[in-house]
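Numbers in the working numbering are just positions in the sequence shown, counted from 1, shifted up by 1278. For glycine and all other residues, C-beta sits at the position ideal for the given N, C-alpha and C. Reading through the structure tokens given below for one structure.
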Amino acid sequence: MLTLNHLSYIHTNGGVLFENIHLTINSHNKISLVGNNGSGKSTLLKIIAGDLSPSAGTVYTNSKIYYVPQHTGQFNDFTVAQALRVETKLNALHDIINGHATEENLTLLSDDWLVEERCNESLAKWNLDGLDLNTKMKTLSGGQKTKAILSGIAIHQPDVVLLDEPSNHLDTDSRSLLYDYVKTSSDTLIVVSHDKTLLNLLNITCELNQRGVTIYGGNYDFYYEQKILEANALSQDLKSKEKELRKAKETERESIERKQKLDARGKKKQEKAGLPRISINTLRDSAEKSTSRMKDVHAEKIIALAQSLSRIRQQIPDTDKMKLNLDNSNLHRGKRLIELTGINFSYNDQFLWSNPLRFSIASGDRAVIRGANGSGKTTLIKILLGEITPQLGTMDHVDMKSIYIDQDYSLINNLFTVYEQAQHFNKTGLQEHELKIRLNRFLFTKEHWDQLCQTLSGGEKMRLLLCCLMIGSQAPDLIILDEPTNNLDIQNVEILTDAINEYQGTLIVVSHDHHFLEQINVESEIILIPKK
């Protein structure tokens, strides 16, 4: 069992990430932790893992925990054995085998005589068979690093496993291995992911926000249905409150006009009746006070309704507030843009692909590049962009405007502020207020305009880049996306999906996210088979 009591985390600048979280996780529960970008999902996993201290509250468990972090760069200078925290045991085992059966080595090994065998078996299970445990992590690809850390689950045999975006960088076969583990495991699982296929394998969904955790008793599809019901109810409530507010203002206006007419009529009668000036003044003061009281009553009701309306609007998801308007390519649909004839690329006199590539891309096409980790997807992208030339075959292409969006959103200059980045794409001379209106549409309010781009999350960089593309004078004819959903939360994946579906130009995407590919209506595939 794992229990979180009054758990809070406050940034050093005083900003509250989340507070007063109460959550009990029972043995064998399989939980997905969802929430908007910046809600603190990764921070909460680090606290549970013991890698980060909470600002308040406690984590209680007597279970053995294993944590698979989202980013593995901190392991780059480690060997695989060090990253898996088995180096000490392995050194002790080898010392004992070599005749140094000291008390210290025996204590360090702790009777775990099968540790090396277990390491090799687990690595092989994740398709890393033959990987030397002394290999430096920095020499591995992103997918290999993730699989190496995942292999630690079977090595350490924990009770609780924390997985933060575990399917990032994994190819299709490796994702299948991950899904099989989640389906068959009896471990207690807490998973943060944007991968809806993975999330639907987990039977409890917990939504994290600043106010705490809300538990939904079902997988992601069930949770999503509940959120739609909540959104519909919120929309109806919003319309009802807007109608009430309009009616209250109309009633106030009619009441005041009616009162003013009655007062004017009364004044004429008083003057006609020849009442003394002092009496007329007294009656006038009384009428003014009565009108003032009436205005106060109506004002209180209008203010209460306006405040209620404001609270409802604050609950509306950011994706519903965002206005997407990505222009179309100027090239007519069906025009041939790129044609590759028998191309191959050589590294160290060894061709990359088992068969030379032959395919064409026409304007309006939507294609996915498929291949296992190390099959040359990045190389093919560089060829398509004209950055490198294949040693075999030819590539013909028309003049066109192309944009390459990599996993790190490198088109964003980290040294620019958010406003400076938008201005960099301002080729049509939009005025400052017009740029800021567009930034607001992409949820960059005045608090963000002077923020350095290097401090933005992956999701924020993606939104800023989409905003910049729309600020540009012309939409690109070709957009190439390289694993675009890596490091994005579900909300930002939906924003990206909506933007792509509005774009009418040509799209080439590298992704292993089947749900995302289905949502953006990919029509064809380019399969890369590396030469063995």
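Would DSSP call Asp1674 helix, strand or coil? strand
Proximity below 8 Å, CB of Gly1642 to CB of Gln1422: no
In the structure shown, what three-state DSSP assignment does Cys1397 receive? helix
Can you confirm whether the region 1456–1470 touches the region 1281–1298 when touching is taken to mean that 3 or more C-beta pairs between the two stretches lie within less than 8 Å? no
Within 10 angstroms of the Cβ of His1790, are there 16 or more other Cβ atoms? Answer buried if so, exposed if not. buried
Between the Cα of Leu1743 and those of Lys1724, Phe1694, Glu1725, Asp1458, spot the shortest distance and give me the residue it belongs to. Phe1694
When you compare only the Cα positions, how much space is there between Ser1454 and His1792? 12 Å
Alpha-carbon spacing of Val1787 relative to Ile1647, whole angstroms: 6 Å
Ranges of the alpha helix (DSSP H) found wholly within the region 1632–1720, counting only runs of at least 4: 1655–1662, 1696–1702, 1710–1719
So Gly1430 packs on Leu1362, CB below 8 Å; how close in whole Å? 5 Å
So, does the CB of Tyr1457 fall closer than 8 Å to a CB anywhere in chain D? Absent from the structure: chain D. Only one protein chain is present.
Helix or strand or just coil, what does DSSP make of Lys1724? coil
Under a Cβ-count criterion, where at least 16 other Cβ atoms within 10 Å of its own Cβ denotes burial, should Ile1325 be classed as buried or exposed? buried
Taking DSSP's pairing of strands, which residues face Asp1442 in a bridge? Val1470
Beta carbon of Pro1436, beta carbon of Tyr1344: below 8 Å? yes
Is Ile1433 closer than 8 Å to Val1346 when the C-beta atoms are compared? no
Please classify Thr1336: does DSSP put it in a helix, a strand, or coil? strand
Hey, quick one: how far does the beta strand (DSSP E) through Tyr1457 stretch, first residue to last? That residue, Tyr1457, is in no beta strand (DSSP E); its alpha helix (DSSP H) goes 1450–1462.
Report the three-state DSSP secondary structure of Asn1314 (helix, strand or coil). coil
Buried or exposed: where does Tyr1625 fall if 16 or more other Cβ atoms within 10 Å of its Cβ makes it buried? exposed
Assess contact between the region 1754–1772 and the region 1676–1686, defined as three or more Cβ pairs (one per stretch) separated by less than 8 Å. Is contact present? yes
Using only the alpha-carbon positions, how far apart do Phe1637 and Leu1618 sit? 5 Å
Can you give me the C-alpha to C-alpha distance between Glu1508 and Tyr1501, rounded to a whole angstrom? 10 Å
Within 10 Å of its beta-carbon, does Ser1452 have 16 or more other beta-carbons around it, so buried, or fewer, so exposed? buried
From what residue to what residue does the alpha helix (DSSP H) around Thr1424 run? 1420–1434
Flag this pair as yes or no: are the beta carbons of Asn1446 and Asn1765 separated by less than 8 Å? yes
What three-state label does DSSP hand His1793 in the structure shown? helix
Exposure of Glu1503, with buried meaning 16 or more beta-carbon neighbours within 10 Å: exposed
Quick one, which of Asn1487, Asp1442, Asn1412, Trp1404 has its alpha-carbon nearest Asp1449's? Trp1404
If I'm right that Val1312 touches Glu1528 with Cβ under 8 Å, what's the distance once you round it to whole angstroms? That belief does not hold up - the Cβ atoms of Val1312 and Glu1528 are roughly 42 Å apart, past 8 Å.
Among the residues of its own chain, which have a CB less than 7 Å from the CB of Asn1298, if the five just before and after it don't count? His1284, Ser1286, Gly1490
Distance, Cα to Cα, Asp1499 vs Gln1514? 23 Å
For Thr1656 and Gln1488, I'd like the C-alpha separation in whole angstroms. 39 Å
Specify, as a first and last residue, the run of the alpha helix (DSSP H) that Thr1366 falls within. 1365–1375
For the ligand COA, any of its heavy atoms closer than 7 Å to the Cβ of Ser1680? Absence of the ligand COA is noted for the structure shown, with no ligands found whatsoever.
Do Asn1497 and Thr1483 have their beta-carbon atoms positioned less than 8 Å apart in this structure? yes
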